Each structure stands twice: as structure tokens, then as C-alpha cells.
Amino acid sequence: MGSGKQPWTELAAPLGRAIAMAGFHLLTGGGQGVMASVSEAFCAVPQRLGRCIGIVPTEAVGNDDEPVRFRPAPGYPNPFVEVPIVSPLPRHLPDAPPGTLSRNHINVLSSDVIVALPGQHGTRDEVGLAVRYGKPVILFGDVEHFAEMPATLVRTVSLDTVMDFVRTVR
0 MGSGKQPWTE LAAPLGRAIA MAGFHLLTGG GQGVMASVSE AFCAVPQRLG
50 RCIGIVPTEA VGNDDEPVRF RPAPGYPNPF VEVPIVSPLP RHLPDAPPGT
100 LSRNHINVLS SDVIVALPGQ HGTRDEVGLA VRYGKPVILF GDVEHFAEMP
150 ATLVRTVSLD TVMDFVRTVR
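Position 164, counted from 1, in the sequence shown is what numbering that gives the first Met the number 0 calls 163; the numbers after and before it change by one each time, with no gaps.
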């Protein structure tokens, strides 16, 4: 989980490679920023066992006279997603009340462990959902990027610590 705009490549690329080399699947929101950066690095690992999965938000198309159809929202999925899961649930909006259904619920509930990189409202929502649903969470990056996150969560700048956490709680 992380920014949909800023790639945070210095964190996302080593993380993507490490997840791939560990033989795990990678699940992201399928968009740009951290999602594309971690996915690109993950997919670049030769002979990896895991797949790059993206939970893709959609837009409804059509009118009242025809069945509702959904198409991926603009910019989704990024070119590295191998298994797109198209959801009729929208992206999390910044002004949405807490608990509003969005594809973030699928992201969190479908994950064994959440590794959160710096991000904005969507990342905060995903971390909040992970805490709410009892999913293990680790925050990866400088502490100042996680000031609004619960103080009880593990924070680290060490990829080794992240991967030890992932292996332990998985």
C-alpha cells in the first residue's frame, strides 16, 4: 500500500524484488505511484513463483436503458499487473466518511499482511481498515511520513525488518 502518485522507488523497488524472491504474490491497488513501482520491480525478477495482482477500481458506463457495465478507471491497471481483479467498488475518496465501502476493503481483506509505504488518504484508509480487521501491518519508510498512523504499528526503514515481519506473520 502507498501513494498512487509518488513512486517512492527507493523503497518500492527493493520491496518488490524481495517479495518476488521470497516466492510470495504481490497484491496492490493496480494503479500508479508506489503500486506501479513495486509491481515493476516484482515482475522484473526472473523465474519468480508469485503473481502480480491488482485490485482495479472501475467506472460505471451506460445509461438507464441498458445493463450497467464497468470499465477500469483511467490509469488502471498499470502495465505490470498480471492478474487484474476488476471491482465495481470505487477508489477511496478523500472526503468519504470512515467505513465507506471502496476497493480498499478488497485490498486489505485479501492480503495476508500489509506493508504500507508513504501515501495519502487512501493509504491511511487502508491502514485503518487493516487495524480494524486485525491484519498485520508494518510501515516502511521514514517515521515523519507516518505521523497520522496509529502509534502502535511497527515502523521501519529496514527492508530486512519488513521481510522478517512478513515471513513471521504470514
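Where is the CB? At the ideal position from N, CA and C, for every residue including glycine. Given the structure is predicted, the values throughout are model-derived calculations rather than measurements.
- Gly-49 is not a Cβ neighbour of Pro-83, given a cutoff of 8 Å.
- Taking the CA atoms as reference points, Val-67 sits about 34 Å from Val-112.
- Rounded to the nearest angstrom, the gap between the Cα atoms of Asp-141 and Pro-117 is 8 Å.
- Under the three-state reduction of DSSP, Ala-95 is assigned to coil, being neither helix nor strand.
- For Arg-169, the secondary structure class from DSSP, reduced to helix, strand or coil, is coil.
- Residue range 120-131 is occupied by the alpha helix (DSSP H) that includes Gly-121.
- DSSP places Arg-16 in the helix class (H, G or I) of the three-state scheme.
- DSSP places Phe-145 within a helical segment (H, G or I) once states are collapsed to three.
- In the DSSP annotation of this structure, the continuous segment of the alpha helix (DSSP H) that includes Val-107 starts and ends at 102-108.
- With a cutoff of 8 Å on beta-carbon distance, Gly-1 and Val-33 are scored as near each other.
- Counting along the chain, Val-153 sits inside the beta strand (DSSP E) bounded by residues 153-155.
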